[in-house]
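Residue numbers (my numbering): 635 to 871. Here a beta-carbon is modelled for each residue, glycine too, at the ideal position from N, C-alpha and C. Notes to accompany the following structure.
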Ligand SMILES: Nc1ncnc2c1ncn2[C@@H]1O[C@H](COP(=O)(O)OP(=O)(O)OP(=O)(O)O)[C@@H](O)[C@H]1O
Ligand SMILES: [Mg+2]
């Protein structure tokens with residue numbers, strides 16, 4: 635579904651991704667783990683067209699999407715939940731969710747929007763109960779759910795998640811992961827980026843390890859959980 639080949643990305647002249655190649659098949663959950671500054675967010679931004687200076691190819695359903703504007707990429711079915719959630723703190727929960735549906739507004743497809751909203755409230759009942767609450771007053775876990783809900787309004791076939799577990803208590807992390815699993819089981823392919831290696835490897839089928847812009851390890855997530863190098867560097871020994 636997604637095949638990235640030899641991707642290089644730069645900030646000015648400084649390389650942030652060096653020859654990255656990864657593949658995600660339809661229906662999979664694939665994780666990318668890596669420390670602060672490894673290039674995880676850069677990789678997701680390169681996929682969704684938010685970073686322009688790059689070389690290499692990003693094939694989505696066999697089509698090269700490098701250079702396409704970000705809204706076109708969303709239209710093809712790739713949506714991103716950004717790092718740090720980036721919700722609109724002063725707007726109500728329901729307005730944040732509506733903003734995720736802008737492509738449908740452009741197509742004036744009101745019925746589709748209502749159907750999607752119903753679906754995300756079914757997935758996150760807490761958001762439905764808090765629809766009129768100002769988003770900035772939600773708890774961290776609820777804000778993460780809102781960020782995911784907003785991305786789902788774009789009806790992604792491929793959902794990119796940038797550190798959804800960041801700053802959340804273990805119980806909430808488990809809840810978020812179980813929603814990600816549910817989404818996957820209902821047909822959404824997932825590319826998950828995480829510093830929380832344990833969570834990311836537990837939920838994924840396959841995973842990649844990114845270090846200073848390069849993929850240094852890849853394999854079945856279960857094998858990486860057992861890998862001594864991964865254990866030492868990412869799982870606390
Ligand atoms: N807008 C930018 N301008 C210049 N350098 C940047 C920019 N954004 C990121 N970088 C640099 O690129 C490298 C990779 O950053 P990136 O945000 O992709 O890392 P990350 O793996 O997502 O880290 P974290 O886990 O802290 O979110 C870092 O060295 C960072 O300083
Ligand atoms: Mg990041």
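Following a CB-centred definition, is residue 791 positioned closer than 7 Å to any heavy atom of ligand 4? You won't find ligand 4 in this model; what it holds is ligand 1 and ligand 2.
Spatial distance of residue 682 from residue 860 (CA atoms): Locating residue 682 in the chain shown gives position 48, where the first residue counts as 1. Locating residue 860 in the chain shown gives position 226, where the first residue counts as 1. Residue 682 and residue 860 have their C-alpha atoms some 32 Å from each other.
Looking at residue 668 and ligand 1, is the gap between the Cβ and the nearest heavy atom below 7 Å? As a first step, residue 668 is located in the chain shown; it is residue number 34 there, counting from the start. Yes.
Report the three-state DSSP secondary structure of residue 784 (helix, strand or coil). Numbered from its first residue, the chain shown carries residue 784 at position 150. Under the three-state reduction of DSSP output, residue 784 falls in the helix class.
Any non-hydrogen atom of ligand 2 closer than 7 Å to residue 679 Cβ: Position 45 of the chain shown, counting from 1, holds the residue named residue 679. No, Cβ of residue 679 sits at least 7 Å from all heavy atoms of ligand 2.
Please indicate yes or no: does the CB of residue 860 lie closer than 7 Å to some heavy atom of ligand 2? As a working note, residue 860 is residue 226 in the chain shown. Result no, Cβ not under 7 Å from ligand 2.
Neighbour-count burial assignment, residue 776, 16 or more Cβ in a 10 Å radius: Residue mapping note: residue 776 aligns to position 142 of the chain shown, counting from 1. That one is buried.
Suppose you measure from the CA of residue 702 to the CA of residue 642; what does that come to, to the nearest Å? Working through the chain shown from its first residue, we reach residue 702 at position 68. Working through the chain shown from its first residue, we reach residue 642 at position 8. C-alpha separation (whole angstroms): 17 Å.
Whose C-alpha, out of 796, 649, 713, is nearest the C-alpha of residue 828? Looking up residue 828 in the chain shown gives position 194. Checked all of 796, 649, 713; the closest Cα to residue 828 is 796.
According to the neighbour-count rule (16 or more other Cβ atoms, all chains shown, within 10 Å of its Cβ), is residue 820 buried or exposed? Numbered from its first residue, the chain shown carries residue 820 at position 186. Burial is judged here by how many other beta carbons sit within 10 angstroms of a residue's own beta carbon; residue 820 has fewer than 16 and is exposed.
Along the chain, which unbroken stretches of the alpha helix (DSSP H) at least 4 residues long are found entirely within the segment 670-717? Within the segment 670-717, the complete alpha helix (DSSP H) runs of at least 4 residues are 674-681, 704-709.
For the segment 665-678 against the segment 748-764, do three or more pairs of beta-carbon atoms, one drawn from each stretch, fall closer than 8 Å, so that the two count as touching? The way I'd put it, the segment 665-678 doesn't touch the segment 748-764; fewer than three beta-carbon pairs between them come closer than 8 Å.
How should residue 659 be labelled, buried or exposed, when 16 other C-beta atoms within 10 angstroms of its C-beta is the threshold for buried? By one-based count along the chain shown, residue 659 stands at place 25. Classification for residue 659: exposed.
Could you tell me the boundaries of the alpha helix (DSSP H) in which residue 855 lies? As a working note, residue 855 is residue 221 in the chain shown. Residue 855 -> alpha helix (DSSP H) spans 855-860.
Beta strand (DSSP E) segment containing residue 637, residue limits: Here residue 637 corresponds to residue number 3 of the chain shown, with the count starting at 1. Note, residue 637: beta strand (DSSP E), 636-645.
Quick check on the burial criterion: 16 or more other C-beta atoms within 10 angstroms. Buried or exposed for residue 840? Taking the first residue of the chain shown as 1, we reach residue 840 at position 206. By the beta-carbon neighbour count (other beta carbons within 10 angstroms, threshold 16), residue 840 is buried.
Are the segment 690-699 and the segment 661-674 touching by the rule of at least three beta carbon pairs closer than 8 Å? As far as the Cβ criterion goes, the segment 690-699 does not touch the segment 661-674, which means the pair count is below three.
Can you have a look at residue 645 and say buried or exposed, based on whether 16 or more other CB atoms are within 10 angstroms of its CB? The residue you call residue 645 lines up with position 11 of the chain shown. By the Cβ neighbour-count rule, residue 645 is exposed, with fewer than 16 other Cβ atoms within 10 Å of its own.
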